[in-house]
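Structure, as structure tokens:
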Amino acid sequence: MLVDSPPEPRAETAPAPPSRRAIRSLGLLLSLVVLALVALASIAIGAKGLSPAQVWHGLFHDSGTYADVVVGDRISRTVLGLLAGAALGLSGAVLQALTRNPLADPGLLGINAGASAAVVTAITFFGVTSLSGYVWFAFVGAAGVGALVWFLGGSRSATPVRLVLAGTAISAALYGYLQAVMIMDNAALGKMRFWTVGSLASATDGTVVQVLPFFAVGTVLALALARPLNAMAMGDDTARALGANLNRTRALSMVAATVLCGAATAACGPIVFVGLMVPHVVRSFTGPDLRWILPYATVLSPVLLLGADVVGRIVARPAELQVGIVTAVLGGPVFIFLVRRRRTAQL
């Protein structure tokens, strides 16, 4: 009599590991949560101590009390920090991809120098004293230098090396002009000293409204360039084979970086390390794909900028340190650590 052998137990299938895309999406969602928390901290914490009840009242009432006015100022400051941080991070990521240089930042192509030179010119020769006047001069200066760098870099035949060389040369010349004017004009020196440090303290609703269209246009353009910049990262010949228009991509990248960095510099002054450091951090966990680097940089750069601004308000109470000083102090050691890591030093 034959006895059937018991059926062999079925091997349980191990659950599939989460895809890289899902992990990146979850990370981007968590980054948005962190950004929201930092923005709330920026509104709630300042050089002037306010209770949670006063902050809450200032957010949802308009009675004109001192606390309400302070909270209103912090809201404008926070909104400008969100916009400027995103602009600096995006422009840095785009310029690093455009020049294929992991050390590239908005200052490499002379954009910061152009804005600074335009502002000192406005103060010294045109008598401009208000921040609203600085904004337009700074933006025109940044845009003019961006166009000049593109022209000197070869326009349609521009290459990453030629763009960097042109930007470096123009920056040196403009900073020489800047120092000469400031030495000869004490009034310009006093006013420029505050602006060149980089600060969110002078943010107003009017400033935000003035620069918002530039931020919006630059952000949309930069995000739209992710795919062609990905193709260019594989080399010009490969990019052409994949259908990328190199001249158009380089020109639009320059426009996007100039608009974004020019608007941020015009509103806040030149703030260093944000556009340089954040893309490095992002690239360490997203890889070289700009379709992920650009959105992450858009979210995490304001986290750094607003976080540094909050730190500056706390450490020097009842006064405060400007955000440009805090980012420089924090950014130097962090950036040295990052460039020593081979993985983040490579594009």
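Using the numbering used here, the first residue of the sequence shown is number 688, and each one after it goes up by one.
Glycine residues also receive a C-beta, built at the ideal position from the N, C-alpha and C atoms.
Cα-Cα separation between residue i and residue j, rounded to whole angstroms
i, j, result
"F972", "G831", "36 Å"
"R978", "V961", "19 Å"
"V822", "D924", "41 Å"
"V969", "V815", "39 Å"
"I732", "V997", "7 Å"
"A909", "L777", "7 Å"
"G745", "I730", "10 Å"
"F1024", "L767", "29 Å"
"A709", "T752", "47 Å"
"A890", "R764", "5 Å"
"Q655", "V848", "With the chain represented from 688 up to 1034, any question about residue 655 goes unanswered, as that position is not in the structure."
"T1031", "S738", "Note that T1031 has pLDDT 44, beneath the 50 cutoff, so the model's placement of it is unreliable and the number below is only indicative. About 42 Å."
"S1074", "P789", "Lying before the first or after the last residue shown, residue 1074 is absent from the chain, which here runs from 688 to 1034."
"G893", "R707", "42 Å"
"A888", "V1010", "9 Å"
"T906", "A774", "7 Å"
"G772", "G841", "30 Å"
"I857", "Q741", "49 Å"
"A1015", "P966", "16 Å"
"A791", "L839", "18 Å"
"I870", "V959", "23 Å"
"A780", "V851", "15 Å"
Of the residues the options, the one placed nearest residue i, counting alpha carbons only
i, options, result
"A829", "A853, N788, V868, A800", "A800"
"A728", "A1006, P1020, R1000", "R1000"
"G956", "R707, I1012, Y983", "I1012"
"G1018", "G994, F901, V720", "G994"
"L796", "K878, T786, G736", "T786"
"S940", "A740, L782, S718, P1005", "L782"
"A726", "T1014, L991, F901", "L991"
"V1002", "G736, V720, A723, S718", "G736"
"F824", "G949, L722, L835, P966", "G949"
"Q866", "M879, T855, V827", "M879"
"G820", "A953, W743, G863, V1021", "A953"
"G922", "P1020, V721, T846", "T846"
"F901", "F826, P793, L852, L713", "F826"
"A784", "G974, N873, L719", "G974"
"P989", "P1020, A951, G877, V1021", "A951"
"G854", "L724, L713, P793, I958", "P793"
"A834", "H748, A938, V721", "A938"
Residues near residue i by beta carbon distance below 8 Å, same chain, minus five either side
i, result
"V868", "V807, T808, T811, A875"
"L899", "L770"
"R927", "L933"
"L861", "G797, A800, G801, S803, A804, V832"
Reduced DSSP secondary structure (H/G/I, E/B, other) of residue i
i, result
"T973", "helix"
"M921", "coil"
"F813", "coil"
"D872", "coil"
"A953", "helix"
"F1004", "The amino acid at residue 1004 is misidentified as Phe; the sequence shows Arg. Of the three classes helix, strand and coil, the one that applies to R1004 here is coil, per DSSP."
"D760", "helix"
"A1032", "In this predicted model, A1032 has a pLDDT of only 41, less than 50, meaning its place in the structure is not dependable enough to derive any value."
"F960", "coil"
"V713", "Residue 713 is actually Leu in this sequence, not Val. Looking at L713 - three-state DSSP - the assignment turns out to be helix."
"A931", "coil"
"P1020", "helix"
"K878", "helix"
"I1012", "helix"
"P739", "helix"
"A703", "Only weak support is given to the placement of A703: the predicted model assigns it a pLDDT of 47, under 50, and the value that follows is read from those uncertain coordinates. Residue state, collapsed to three classes: coil."
"G794", "coil"
"H748", "coil"
Close beta carbons around residue i, own chain, < 7 Å, minus the five adjacent residues each side
i, result
"L715", "P982, Y983, V986"
"T936", "L912, P915, L916, M919"
"V904", "V946"
Residues near residue i in its chain [Cβ-Cβ closer than 6 Å; skip 5 each side]
i, result
"A734", "R1000, R1004, P1005, E1007"
Minimum Cβ-Cβ distance from residue i to chain C less than 9 Å
i, result
"L987", "Judged by its chain identifiers, the structure shown contains no chain C, having just a single protein chain."
Tell me whether the stretch 924-943 and the stretch 754-771 touch, counting them as touching only if at least three CB pairs, one residue from each stretch, are closer than 8 Å.
Taking a contact to require three or more Cβ pairs closer than 8 Å, the stretch 924-943 and the stretch 754-771 do not qualify as touching.
Is the stretch 872-891 touching the stretch 909-924 in the sense that three or more CB pairs, one from each, lie closer than 8 Å?
no
Between the stretch 934-947 and the stretch 982-1002, can you find at least three pairs of beta-carbon atoms closer than 8 Å?
No, they do not touch.
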